[in-house]
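So in UniProt numbering, spot 12 of the sequence shown is number 12, and the numbers just go up one at a time.
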Amino acid sequence: MDRPVIQFSADHPQNLTVEDGATATFYCKTIGNPTTQSHKWKFNGVDIPGESCTGCASTTFTKAAVIQADAGWYSCTGTNTLGEGPPARAQLLIKRK
């Protein structure tokens with residue numbers, strides 16, 4: 001039995017570059033025994049507040065209408081009954097229109 005192992009899904013880019021005002025979506029994949037029970041997303045190491053987070057409790061995180069202040073590092077962690085797994089990180093870069 002292990003804590004969850006977290007990785008960004010191989011069929012989606014780890015790092016994203018999107019235009020200012022576009023939508024950015026990150027995907028992460030968790031593998032755990034026992035099964036992962038919950039997920040958490042962070043921005044630059046800080047929990048993303050639930051009210052401003054679409055998908056913060058799932059393996060998919062979506063940030064709509066991104067602005068330059070949204071550029072940075074996003075990380076996903078998973079938790080099971082044995083604890084929290086190590087985070088996986090991906091960088092979001094914003095291109096000006």
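We treat Cβ as the ideally placed atom computed from N, Cα and C, and that holds for glycine. A quick note: this is a predicted structure, and the numbers were derived from the prediction, not measured.
For residue 20, the secondary structure class from DSSP, reduced to helix, strand or coil, is coil. In this structure, the alpha-carbon of residue 73 lies about 18 Å from that of residue 58. Cβ neighbours of residue 17 within its own chain (closer than 7 Å, five residues either side excluded): 93, 95.
Put simply, of 19, 25, 31 the residue whose alpha carbon is nearest the alpha carbon of residue 80 is 31.
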